[in-house]
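Q:
Protein chains in written order, with the numbering used here: chain A, 1 to 218; chain B, 1001 to 1218.
#1: Quick check: the Cα distance between residue 69 (chain A) and residue 1214 (chain B), rounded to an integer number of angstroms?
#2: Can you find a C-beta in chain A that's less than 8 Å from the C-beta of residue 1163 (chain B)?
#3: Considering only residues of the segment 94-180 of chain A, which uninterrupted beta strand (DSSP E) runs meet the minimum length of 3 residues and lie entirely inside it, listed in chain order?
#4: Tell me which residues share the same chain as residue 1090 (chain B) and place their Cβ nearer than 7 Å to its Cβ, disregarding the 5 neighbours each side in the sequence.
#5: Please classify residue 1167 (chain B): is it buried, with 16 or more other beta-carbons within 10 angstroms of its beta-carbon, or exposed?
#6: Once the 5 residues before and after residue 1002 (chain B) are set aside, which same chain residues still bring their CB inside 8 Å of it?
#7: In the DSSP assignment, what are the bridge partners of residue 197 (chain A)?
#8: Mapping DSSP to helix, strand and coil, what is residue 74 (chain A)?
#9: Helix, strand or coil, according to DSSP, for residue 39 (chain A) in the structure here?
#10: How close, in whole Å, do the beta carbons of residue 1210 (chain B) and residue 86 (chain A) come, if the pair is a contact with beta carbons under 8 Å?
#11: Apart from the five residues on each side of it in sequence, which residues of its chain come closer than 6 Å, Cβ to Cβ, to residue 1056 (chain B)?
#12: Could you list the residues in the segment 171-196 of chain A with a C-beta less than 7 Å from some C-beta on chain B, going in chain order?
#13: Taking the alpha helix (DSSP H) that residue 213 (chain A) belongs to, which residues open and close that run?
#14: Considering only the beta carbon of each residue, do residue 1157 (chain B) and residue 1181 (chain B) sit closer than 8 Å?
#15: Starting from residue 54 (chain A), trace the alpha helix (DSSP H) in both directions and tell me its first and last residue.
#16: In chain B, which residues lie with their C-beta within 9 Å of the C-beta of residue 52 (chain A)?
#17: Could you give the distance in angstroms between the alpha-carbon of residue 1142 (chain B) and the alpha-carbon of residue 105 (chain A)?
#18: If residue 1160 (chain B) and residue 1096 (chain B) are in contact, beta carbons under 8 Å, what's the gap, nearest whole angstrom?
#19: Whose C-beta lies closer than 8 Å to the C-beta of residue 1133 (chain B) among residues of the same chain, with five residues either side of it excluded?
#20: Could you give the C-beta distance for residue 1170 (chain B) and residue 1191 (chain B), rounded to a whole number, given that I count them as a contact under 8 Å?
#21: Distance, Cα to Cα, residue 1173 (chain B) vs residue 1022 (chain B)?
#22: When you compare each of B:1153, B:1155, B:1205 and B:1216 to residue 178 (chain A) by their alpha carbons, which one comes out closest?
#23: Give me the Cβ distance between residue 1220 (chain B) and residue 1121 (chain B), rounded to the nearest whole Å; I'm assuming they're in contact under 8 Å.
#24: Please classify residue 1129 (chain B) as buried or exposed, where buried requires at least 16 neighbouring CB atoms within 10 angstroms.
#25: Is residue 29 (chain A) closer than 8 Å to residue 78 (chain A) when the C-beta atoms are compared?
#26: Check whether the Cβ atoms of residue 19 (chain A) and residue 1208 (chain B) lie closer than 8 Å to each other.
#27: If the cut is a Cβ gap below 9 Å, which residues of chain A does residue 1043 (chain B) touch?
#28: What residues in the segment 1077-1091 of chain B have a beta carbon less than 9 Å from any beta carbon of chain A?
#29: When the Cα atoms are used, what is the spatial distance from residue 1081 (chain B) to residue 1098 (chain B)?
#30: Counting only the same chain and skipping the five closest in sequence on each side, list residues whose C-beta sits under 6 Å from that of residue 1008 (chain B).
#31: Just checking: is the beta-carbon of residue 156 (chain A) within a distance shorter than 8 Å of some beta-carbon in chain B?
#32: Kindly list, in the order they appear in chain A, the residues whose Cβ is closer than 7 Å to that of residue 1046 (chain B).
#33: Among the candidates B:1074, B:1196 and B:1183, whose CA atom is the shortest distance from the CA of residue 1040 (chain B)?
#34: If the cut is a Cβ gap below 8 Å, which residues of chain A does residue 1204 (chain B) touch?
#35: Let me see if you follow: with CB-CB separation under 8 Å, is residue 198 (chain A) close to chain B or not?
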């Protein structure tokens, strides 16, 4: 088996849009695998991923050589490799700050753990919440995050607090050595360049649609 | 008062990142307004929006002339104008397809209606759900969407169905004359170029973090 994580593959060169498509391909491959399909063509993956078969081949070629001319890709093999490329073959320790609606939903969502995202700790500032237990995770006082990070390992920090508290939580996470942050607050957080962040906010996305509609109709 | 939606402003020229920041500025302005602040500087907006004051001035200048040198921006005036620019001063009729977790959460979320997004109709394919009522909205049979769109007006379509059904829902929405689509399915939907779409999928975003972490640590 070829080493598909060879030094030839540099993270910096992989655009976000490619990573997004890899996730989509993996989703389809997992369905195909459940249905017992042995192979899949780049044409089919392209159609499902809303792209061209040339783009599928290009996306996958970054990570090594996959597929056989005329046969397509072997479903179980490509599934395993994509899982590995996306870092889904292992457990990530997730710390959630903010035990509100989003924080609690995430801590209780079974699909999250199935993908390898293990919620290790949940923090909040509210005295009414600290000490209570959710999904067998005890909610801890946010003041303890920095010191807890010395003895526990956290890979991903989730910011699920209101806008005004988000930057200070991000600062605490960065100081605690967390390298990846998922931000659900409607605010742009500032972090050093070696920290990876994603912002997910439904409100902002709906406002972008509203903006487009308001200006289309003029 | 200057006409800030003059023909000088062309939608095509406004990048997504600018629209996103306008939403963030508006969020802060609404807070400042509640606290009774009369003015705000571009420096403060910049810090809150994770950008520079030059960028704030540039973002706002697209839409006309705001603010007074030395005084900053008038909070109530800029709030009203940003709401209008983002199309939030009016009601948008939203149709949700898929009465699962996401669809129902959205139909029941008060903040959504407060922003002007009015859920006019909710569709599903499941006979067990069709006919039941959620938040005083009766769930309709998805087969009726095309004909309902002839007599009712829908601005925004929300796709809240599993991946495999998303494209066919999108096609129905486009045929029904809907110009803006919010897609929650983990799949890239194909639509004509005059249709605006946004995809929100937490799973894809977490996988992007996982990808980055897996490859940082190599």
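Note that CB positions come from ideal geometry on N, CA and C, so glycine has one too. In this text the structure is predicted, and so the values were computed from the model without any measurement.
A: Per the coordinate set shown:
#1: Cα-Cα distance, rounded: 30 Å.
#2: Yes - at least one Cβ of chain A is within 8 Å of the one on residue 1163 (chain B).
#3: Here the runs fully enclosed are 117-124, 137-141 and 156-159.
#4: The answer, listed in chain order, is 1116.
#5: Sixteen is the threshold: when 16 or more other Cβ atoms of the shown chains lie within 10 Å of the Cβ of residue 1167 (chain B), as they do, the residue is buried.
#6: Note that residue 1002 (chain B) has pLDDT 39, beneath the 50 cutoff, so the model's placement of it is unreliable and the number below is only indicative. The residues 1064 and 1065, in chain order, have a CB closer than 8 Å to that of residue 1002 (chain B) in the same chain once the five nearest residues on each side in sequence are set aside.
#7: Answer is A:181, bridged to residue 197 (chain A).
#8: Reduced to three states, the DSSP call for residue 74 (chain A) is strand.
#9: The three-state secondary structure of residue 39 (chain A), taken from DSSP, is strand.
#10: Contact flag correct, Cβ pair sits at about 6 Å.
#11: Apart from the 5 residues on each side of it in sequence, residue 1056 (chain B) sits with its Cβ closer than 6 Å to the Cβ of 1042, 1045 and 1046 in its chain, given in chain order.
#12: Answer in chain order: 179, 180, 182, 186, 187, 188, 189, 190 and 196.
#13: According to the DSSP assignment, residue 213 (chain A) belongs to the alpha helix (DSSP H) that extends over 202-216.
#14: Yes, the pair counts as a contact, with Cβ atoms nearer than the cut-off.
#15: That run of the alpha helix (DSSP H) goes 53-61.
#16: Result: empty, since nearest Cβ-Cβ is about 11 Å, beyond 9 Å.
#17: Their backbone Cα atoms lie some 28 Å apart in a straight line.
#18: Their Cβ separation, rounded to whole angstroms, is 6 Å, which keeps residue 1160 (chain B) and residue 1096 (chain B) in contact under 8 Å.
#19: These residues qualify, in order along the chain: 1139.
#20: The C-beta distance from residue 1170 (chain B) to residue 1191 (chain B) rounds to 6 Å, short enough to meet the 8 Å contact threshold.
#21: Straight-line Cα distance between these residues: approximately 28 Å.
#22: That would be B:1216, whose Cα lies nearest to the Cα of residue 178 (chain A).
#23: Nothing can be reported for residue 1220 (chain B), as the shown portion of chain B is limited to 1001 through 1218.
#24: Residue 1129 (chain B) comes out buried.
#25: Against a cut-off of 8 Å, the Cβ pair of residue 29 (chain A) and residue 78 (chain A) comes out as a contact.
#26: Result yes, Cβ atoms of residue 19 (chain A) and residue 1208 (chain B) sit closer than 8 Å.
#27: Result: empty, since nearest Cβ-Cβ is about 14 Å, beyond 9 Å.
#28: The residues in question are 1084, 1085, 1086, 1087, 1088, 1089 and 1090.
#29: Between the alpha carbons of residue 1081 (chain B) and residue 1098 (chain B) lies a distance of about 34 Å.
#30: Note that residue 1008 (chain B) scores 43 on pLDDT, short of 50, meaning its location in the model is unreliable and no value can be drawn from it.
#31: Cβ-Cβ to chain B under 8 Å: yes for residue 156 (chain A).
#32: What residue 1046 (chain B) touches in chain A: nothing, since even the nearest Cβ is about 10 Å away.
#33: The option with the nearest alpha carbon to residue 1040 (chain B) is B:1074.
#34: Ordered by position in chain A, the residues that pass the 8 Å Cβ test against residue 1204 (chain B) are 20, 23 and 24.
#35: Cβ-Cβ to chain B under 8 Å: yes for residue 198 (chain A).
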